[in-house]
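Okay, so the sequence shown: first residue is 656 according to the working numbering, each after it adds one.
For glycine and all other residues, C-beta sits at the position ideal for the given N, C-alpha and C.
The structure under discussion appears below in the form of C-alpha cells.
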Amino acid sequence: MRFINTIGFILLSVLLGCSSNKTDGSIKRFELLSSEITGVHFQNTINSNDSINIMNYEYLYNGGGVGVLDVNNDGLKDLIFTGSQQNNALYLNQGNLQFKDISQQAGIEMPNAWSTGVSVIDINADGLDDLYIGVGGMGNKSNHPNKLFINQGDNTFKEMAEEYGLADMGETIQSVFFDYDKDGDLDVYLLTGGGFERSAIIARPINTEGQSRNTDRLYRNEGNDALGHPVFKNVSAEAGIQIEGFGLGVAILDANQDSWPDVYVSNDYLSRDLLYINNQDGTFTDNGSDYLKHTSHFSMGNDVGDINNDGLVDIVTVDMLPEDNERRKLMSGAGGYDLFYIAVDRGYNYQYMRNMLQVNHGDNGFSEVGQMAGIDKTDWSWAPLLADFDNDGFQDLYITNGFGKDITDMDFVKFRQDAVQKYSDRSKFNSILADSLKVRPAISLPNYMYRNNQNLSFTNEVSDWGLDYNSVSSGAVYVDLDGDGDLEIVVSNIDDEAFIFNNRTNELDSLNANYIRVKLKGPAGNAKGLGAEIDLKQSTGRQKRWHQVVRGFQSSVEEIGHFGLGNLQSVEELKVTWPDGKVSRLSNVSANQIVEVNYVGAKEEAKKPTETKTIFTKAELIEFTHIESDFSDFKTQPLLLHGFSQQGPSLAVADVNNDGLDDVFVGGAYGQSGAVFIQNEQSQFLKTEIKSEYFEDLGAIFFDADNDNDLDLYVTSGGSERYHGHNAYQDRLYFNDGQGNFELNETALPNMTSSTSTVTAADFDMDGDLDLFVGGRVKPGDYPNIPTSYLLVNEGGRFTDETDSRAVGLRNIGMVTSAVWSDLNGDELPDLLLAGESMPLSIYLNETGQLKNITANAGLAQTHGMWNSLKTADFDNDGDLDILAGNIGLNTPYKASVDQPFELHFSDFDHNGTVDPIFSSFENGKAVPFTSLDQLTKQLPVLKKKIFHYRDYAKATTEQLLQIAGGVEYSTLKCETLATSFIENLGNGQFKISELPIEIQVAPTYGLLVGDLNSDGLLDIIAVGSNYDTEVMYGRYDASIGTVLINKGGNQFEALPFAKSGFAIKGDAKALSRLELANGESALLIAQTNGQLISYTYANSHTQKIRANSSEVKAKLKLKNGQQRLVEFTWGGAYLSQDSRTIVLNQTISEVEFYDAHGRPTRQLELE
C-alpha cells in the first residue's frame, strides 16, 4: 500500500477559497459555481412539438446522466454529461475547478442517438477509464445500439461495442458492471426502461418468462485472450433475469450478507421493484416481495449505503410525492382500494407513491422508515445519492427532482380526458393537446439535501447549505473535484446549465471535518476493485461502504470511497474485503489523506463464526393460524385511515386445569373458532376449540368469575363485519368445569351489543370477587361516533352493568383499545387506566368503588393519540408503577402536536343518514384537508357539485371545506402525540411522559411485555406491532419486526439489534404474552392477524419461578442493591393479552413478599 499526498490539492483549494469566500461563519456549505468560471456550459435542452411531446413519449423529460472519470490519468476528476437530444459532452479538469470541453476531440458526442445512462469502467484493464453509454429515447431503431467508448490514452475514444458484444439495442437506461459469478472479471447488468404502453399501469399478469421487451439483460464476461479484450454474452435467460419492468434505477448490494453480489432494480409505473438474490451458481431469484414489505410505486433512481453505521446495507428509492400540500392535492387521483388489491393479488407487491428508505435489520429483510426519517416527499425525483457531505461520519442524502412539463396536475388530466371524448378527429385532438402543453409549466424546484441526524432521521438543509436553486434536474454525482477532502456535487439539468456546487466544509469547520478517502487497485480483471467492501473501525464505531460507482440515476460517481471522520484524527483499522473474499488490512491510519489499497498482498482469512448468542430462540410450540375474512370497512366508509375487522387475535395465558402449568387461549376471527391449548409435562399443547364462528374474538382473559377456584374465560366480540347493534357483538363468558373444559353461559352477562375490544378484571369494589371493565372499540359503519364501554360488577358469577352509577363519563369515554386495572397511587385500590384512538391516556381513580376521572389533574390531558396498548411496571425500582403506552408511532404520514394536532371532524354533512369523517392536518401553520379530492367525493358525492377544480380544493383550508360540505354542526376528535411513550409515575398523582427510542417508533406498538432480560435488576421491554388493514394511498404499517429495549437506568432505554436479540416477527403482529413451560424455559407467544402464532423461548439462568395464588395481586421485590420493585399480577392488559401469573426471580433479587387485594402479606421468600 502507499499513500497519495494531497497537500498540493488542499493548498490550491484553500487559496481559491480565500480569494472568493469569507470564512467568518457567513458562508454556506456549498457554493454554486458560475459556468463562466468552470467552463462547463452543458445543458440538456429538450425540444418538443406536435409529434415529439410528453403525451406520446412519457420519458421525454427523464434527462441525462453524469459520469466521473479520469481521462488522462492526471489525478484530476473529469466529467461527462449524456444528452437526450443534445450531444454528449466531456470536460477535462484543468485544476482550480476549471474545465475544458473536449467532446468533439474525444469522439463521444453521439449526435444521432438519445443517450441515457453512463457507466465509467476500465473494461479492458489497461488502466484507462472507458465509457459505456446506454441508448434509448423516442423512436429508437436498430441503428442505435448502446455505445462502448474505449479510452485510447490520448484524450480520444474509440467506439467498440460491437467488438465487445455489448451493442445491445434494448433501450437501456443504465448499465452496471460487477462480478456476479466471482470468476475475477466484470460482467454487466443492463437496466431497461423503454417501450411504454398503457398496460404499464394496468394490473395484467406479469411477464416472468423474459419475453417482454422491457426485460433487463445480464451479459457475462467470457474473456478473450486472443482479441486482447473481453467479449460479453447475453446470459439473461439462464441466469433467471426474466421479469419485465420499467427500470429507472439499479444498484449492486449484498442484501443477505452472504458475500455474493445481489441486484436491486427500481421499476417505474406498476411494475414492481426487483431484488435479485444471487444463488451463487450463476443464477438469480427475485426475492423482493420477501425482503421488502412495500416499495415505491413509481420507483425512479436508487442508491444503497449504511445510513445508521450498523454495517448493514440500506436502500433508498425515490418517487413523485410532493412535499407541498397544494401540489400533493393537485396530483392525487382516484386510485382505489379494489384496484390496489387486484394488483397485489397479481403479484405487484405493495406499492405506494413516496420515497422509501429501507433499513436492513439483518434478518434477510428491511424495514421501510422513509416517513419517520422525513425523506418521503421530494416531488418528482430522480437521483438519490448517499454520501457524507459534511464529513461528520454519517451518510447524508441528496435528491434531484423536477420535470419538463407538469402533466400530473389533475385539472390537466381531466381536461385531456374530456378532450378525448369531445374531439373524435385525432388531428384536432393532437392540435388542442399540443397547444395546451405549450403553456404547461415545468416542475422546477430546489433539489433536496438531507443531513443525517444520526438517529434514523434527516433534516432538509438545502437552504442553509446553499443548494436552494430551482431547476429541472436529473442525473447527479458526488466527487472531490478540487482534492480538498470534501465532496462536490454535479447535476445535469434540463433546459438549464449543469450545476457544479463547490463543497466548502473544510472552510466552515476544518477541525471537525476530517476524512479518509480510499482508492482501490484491484486485480487484473477488476482494476477499480468494484464490489469490494471497505470497513473503517474507529473509536466512535464503524463505517462501511460497498464499492460501486453506478449510483442514483443514469450516473457514475467517483471511484474513491469517501469517509468523513468528524473530529477524529485517525482510525483504528481500515479493512478491505475484495470480491473473492481476500482481505487487506491497515492499522492506525491517519486522517486527511487518500489511502491506496492494492489487491496485491491481500490475504485469505479464515471466516470467524458469525453466530452470536441471542436472547431469544425461535420455537414451535402451538400450531394455530388466524384466518381473516375478506371483509373491508373501506367499502362502506372510504375515508377511513384503517379498518376495524382485522384487529385480532387475542392471547390469554393461565393455568386452567390447576396442574401448575400455563395453558393458552387464542382468539379466532369472524368465521373461525378460537381454541384453548392445555400444556402437559412435556411442554406440549393439546387443542380444544371454543366454538365461536359467529363472532369475531377480540379481548380475552382467564379469571375466576364464580369464585369456585378455577379460571373461567371471558371473550369480547368485536370487529366490524356486522352492523352496529347486531347480536354478533354480544360478549361471551365460558365457565370452567375445573378440568379445563369450557361451556358458554348465556345468562351471566347483560345485553352488550357494542363492538368491544379489551377486557380486564379486578375487584374494584373490594367485595371479594372480580369485576370487569370492557372497552368499546367502534361503531361499525358509523365511525367515529363513540361506542359503548362497560363497567360490569360481579354479583355471584352474574354481572350487572353499573357503568353510569360507578364512573361518570366512562360509558362513552372513547374508542378504547386497551385498559388495565393498576394501583397507581398506592392506596391498595385498583385504578383504571385507559387508552384508545383519539383519546388521551386516561386515569379513573378508585375512590372505594367509585371511579373518578383524574386525567387532567395527573398531567395527561394533552396526550390524545392513536393509542393501542398499556402496560404498567416499576421500571425505576422506586416502589410505584410506571406506564408503557403503545401508540401508532412516528413512521406515518400524519404529524401531530399539542399546538398542531391531527384532527378528525365528523357529522352527517350530506344529510344522508350516515356519518362522514373528514381528517385534517396542519401544513405551514394552516389546517388543511388530509385526503385527496377523489377520496373525499367517494364519501361525499355531493361535493362534485360544489368543487369543480382540483386547484380550488388544493387551496382550501379545512374550515373552508367544512363550510362547503354543508355548514352543519360537527364534532372534532384529535391526536396530539403519535409516539409510543414511557410515562413515569412521579408520585402524588403526577406523571411525566416521554418518547421511547426511535427504533420502537417505526410502526404501531400493540403487544407489550416487560422482564429483566439481562439480569441487571432493571426491567426491559419487548414490543411488537403492525397494522396491515389500512387505506391504500399511504399504506400499511409494516416496518417493525419487534423491538427489544434494554433498560439502561434513569428511565433511559436502548434498542437491541436483531443480531443480539434474535427476535424478528415479520407479519401483522398484535397480541404478545409470556408463558412458562414445563421444561423450565420461558416463552413468548406472538399472535398475528391473518397469520401463524409465533413462539420464542428464552432461558432464564439462575432464576426461580413462583406462581402467584389467585388471591395475590402484587409482590414486592427487594433487590440486593437496596432498591425495591413493585410487581402487580393483572388480569389482562397490553393489547388483547394476558400473561402468565408467574414471577421470575434472578440473582439480583434477595427477597420477595406477596400481598392480597387488601394489602395484607400472604407469604415471604428469601433467596440465596
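Practice task
Examine the Cβ distances between the region 857-866 and the region 991-1006 and report whether three or more of them are shorter than 8 Å.
Solution key: At 8 Å Cβ cutoff, the stretches touch.
Exercise for the section: Could you tell me the boundaries of the beta strand (DSSP E) in which Q829 lies? Expected result: Within the sequence shown, numbered from 1, the residue matching residue 829 stands at position 174. Run containing Q829: 827-833, per the beta strand (DSSP E) assignment.
Problem - Pairwise C-alpha distance: S954 and Y1105 - result: Start at 1 with the first residue of the sequence shown, and residue 1105 comes out as number 450. Start at 1 with the first residue of the sequence shown, and residue 954 comes out as number 299. Distance from the CA of Y1105 to the CA of S954, rounded to the nearest whole angstrom, comes to 19 Å.
Problem - Residue burial classification, L882 (beta-carbon count within 10 angstroms, cutoff 16) - result: Indexing the sequence shown from 1 puts residue 882 at position 227. Exposed, by the Cβ-count rule.
Practice task
Determine the DSSP secondary structure at R1081, reduced to helix, strand or coil.
Solution key: The residue given as residue 1081 occupies position 426 in the sequence shown. DSSP places R1081 in helix when its eight states are reduced to three.
Exercise for the section: Would you kindly work out how many angstroms separate the C-alpha atoms of G1446 and L1306, rounded to a whole number? Expected result: The residue labelled residue 1446 in the question sits at position 791 within the sequence shown. The residue labelled residue 1306 in the question sits at position 651 within the sequence shown. In the sequence on display, residue 1446 carries Leu and not Gly. Taking the straight line from one Cα to the other gives about 22 Å.
Handout entry: Three-way DSSP call (helix, strand, coil) for I692 in this model
Key = For this step, residue 692 is matched to residue 37 along the sequence shown. Three-state result, I692: helix.
Problem - Element boundaries [alpha helix (DSSP H), containing R995] - result: Here residue 995 is taken as the residue at index 340 of the sequence shown, counted from 1. Position check: residue 995 holds Phe in this sequence, whereas Arg was assumed. For F995, the enclosing alpha helix (DSSP H) begins and ends at 992-1000.
Problem - Whole-angstrom distance between N1169 and G694, CA atom to CA atom - result: Here residue 694 corresponds to residue number 39 of the sequence shown, with the count starting at 1. Here residue 1169 corresponds to residue number 514 of the sequence shown, with the count starting at 1. The alpha-carbon atoms of G694 and N1169 are separated by roughly 30 Å.
Handout entry: D1080 burial status per 10 Å Cβ neighbour count (16 or more: buried)
Key = Position 425 of the sequence shown, counting from 1, holds the residue named residue 1080. Burial call: exposed.
Handout entry: Of the residues P800, I805, N801, the one placed nearest L724, counting alpha carbons only
Key = Numbered from its first residue, the sequence shown carries residue 724 at position 69. When each option's Cα is compared against that of L724, the closest is I805.
Practice task
May I ask which residues mark the beginning and end of the beta strand (DSSP E) holding Q1594?
Solution key: Position 939 of the sequence shown holds residue 1594. Bounds of any beta strand (DSSP E) do not take in Q1594; it lies within the alpha helix (DSSP H) bounded by 1588-1594.
Handout entry: Through-space distance from S1338 to S1347, alpha-carbon basis
Key = By one-based count along the sequence shown, residue 1347 stands at place 692. By one-based count along the sequence shown, residue 1338 stands at place 683. Their Cα atoms are separated by approximately 27 Å.
Exercise for the section: Use the C-beta contact count for T1280: other C-beta atoms within 10 angstroms, 16 or more gives buried, fewer gives exposed. Expected result: Residue mapping note: residue 1280 aligns to position 625 of the sequence shown, counting from 1. Per the 10 Å Cβ criterion, exposed.
Problem - Neighbour-count burial assignment, F1603, 16 or more Cβ in a 10 Å radius - result: The residue given as residue 1603 occupies position 948 in the sequence shown. Counting of Cβ neighbours within 10 angstroms places F1603 among the exposed residues, the total staying below 16.
Problem - Check whether I644 and F1340 have beta carbons under 7 Å apart - result: This structure does not reach residue 644, given that the chain is present from 656 up to 1823, and the question cannot be answered.
Exercise for the section: Rounded to whole angstroms, what's the CA-CA distance from D679 to N1167? Just pull it up for me. Expected result: Position 24 of the sequence shown, counting from 1, holds the residue named residue 679. Position 512 of the sequence shown, counting from 1, holds the residue named residue 1167. Because D679 carries a pLDDT of 43, less than 50, the predicted location of this residue cannot be relied on, and the following value inherits that uncertainty. In this model, D679 and N1167 are separated by some 16 Å (Cα to Cα).
Exercise for the section: Could you check what DSSP says for V1068 in three-state terms: helix, strand or coil? Expected result: Taking the sequence shown and counting its residues from 1, one reaches residue 1068 at position 413. In the structure shown, V1068 sits in a helix (DSSP, three-state: H, G or I).
Problem - Same chain only: Cβ atoms within 7 Å of F887, ignoring 5 sequence neighbours per side - result: Here the question's residue 887 lines up with position 232 in the sequence shown. Closer than 7 Å at the Cβ level, and outside the excluded window around F887, lie Y819, G820, L821, V843, Y874, R875, N876, E877.
Handout entry: V1679 and G1690 closer than 7 Å at C-beta
Key = Mapped onto the sequence shown, residue 1679 falls at position 1024. Mapped onto the sequence shown, residue 1690 falls at position 1035. Cβ atoms of V1679 and G1690: not closer than 7 Å.
Practice task
Just mark R1729 as buried or exposed, buried being the case when its beta carbon has 16 or more other beta carbons within 10 Å.
Solution key: Taking the sequence shown and counting its residues from 1, one reaches residue 1729 at position 1074. Residue environment: R1729 is assigned as buried (16 or more neighbouring CB atoms within 10 Å of its CB, all protein chains considered).
Practice task
Closer than 6 Å by C-beta to S1497: which residues in its own chain qualify, once you throw out the five before and the five after it? Chain order, please.
Solution key: The residue you call residue 1497 lines up with position 842 of the sequence shown. Correct list, in chain order: L1489, T1510.
Handout entry: Of the listed residues L1294, N1364, F1299, nearest to N1313 (C-alpha basis)
Key = Counting from 1 along the sequence shown, the entry for residue 1313 is found at position 658. Per the Cα distances, N1364.
Practice task
Please work out which residues of its chain come closer than 6 Å, Cβ to Cβ, to T972, disregarding the five sequence neighbours upstream and downstream, and give them in chain order.
Solution key: Locating residue 972 in the sequence shown gives position 317, where the first residue counts as 1. For T972, where only same-chain residues beyond five positions count, the Cβ hits under 6 Å are S921, S951, S954, N957, M1011.
Exercise for the section: Take E1806 as the anchor and find which of N1776, G1735, L734, N1019 has the nearest alpha-carbon. Expected result: The residue labelled residue 1806 in the question sits at position 1151 within the sequence shown. The option with the nearest alpha carbon to E1806 is N1776.
Handout entry: CB contact flag (V1308, V1319, <7 Å)
Key = Counted from its first residue, the sequence shown places residue 1308 at position 653. Counted from its first residue, the sequence shown places residue 1319 at position 664. Between V1308 and V1319, the gap from beta carbon to beta carbon is short of 7 Å.
Practice task
Might you give, ordered along the chain, the residues of its own chain that have their beta carbon closer than 7 Å to the beta carbon of D941, omitting 5 neighbours on each side?
Solution key: Sequence index remark: in the sequence shown, residue 941 carries index 286 (1-based). Closer than 7 Å at the Cβ level, and outside the excluded window around D941, lie I898, L929, L930, Y931.
Handout entry: Own chain residues within Cβ distance below 7 Å of V1657, not counting five before or after
Key = As a first step, residue 1657 is located in the sequence shown; it is residue number 1002 there, counting from the start. S1022, V1024, M1027, G1544, N1546, A1694, S1695.
Exercise for the section: State buried or exposed for T827, treating a residue as buried only when at least 16 other CB atoms are found within 10 Å of its CB. Expected result: Translated into positions along the sequence shown, residue 827 becomes position 172. Taking all protein chains shown into account, T827 has 16 or more neighbouring C-beta atoms within 10 Å of its C-beta and is therefore buried.
Handout entry: Beta-carbon proximity of N1682 to P1659, cut-off 7 Å
Key = The residue you call residue 1682 lines up with position 1027 of the sequence shown. The residue you call residue 1659 lines up with position 1004 of the sequence shown. Yes, the Cβ-Cβ distance between N1682 and P1659 is below 7 Å.
Practice task
Quick one: which unbroken beta strand (DSSP E) runs of 3-plus residues sit fully inside the region 1608-1676? Chain order, please.
Solution key: 1626-1630, 1636-1642, 1645-1650, 1662-1666, all fully within the region 1608-1676.
Exercise for the section: Flag this pair as yes or no: are the beta carbons of K1769 and L1663 separated by less than 7 Å? Expected result: Your numbering for residue 1769 matches position 1114 in the sequence shown. Your numbering for residue 1663 matches position 1008 in the sequence shown. Cβ distance not < 7 Å, so K1769 and L1663 don't count as in contact.
Practice task
Determine the burial state of L1500: buried for a count of at least 16 other Cβ atoms within 10 Å of its Cβ, exposed for fewer.
Solution key: Taking the first residue of the sequence shown as position 1, residue 1500 is located at position 845. Under this definition L1500 is a buried residue.
Handout entry: Of the residues N810, G848, A1383, S1493, the one placed nearest V632, counting alpha carbons only
Key = The structure shown does not extend to residue 632, since the chain spans only 656 to 1823, so no value can be given for it.
Problem - Neighbour-count burial assignment, N869, 16 or more Cβ in a 10 Å radius - result: Locating residue 869 in the sequence shown gives position 214, where the first residue counts as 1. Buried is the label assigned to N869, since at least 16 other Cβ atoms lie within 10 Å of its Cβ.
Handout entry: Whether G1452 touches A1360 by CB criterion (7 Å)
Key = Translated into the one-based positions of the sequence shown, residue 1452 becomes position 797. Translated into the one-based positions of the sequence shown, residue 1360 becomes position 705. A contact, by the Cβ cut-off of 7 Å.
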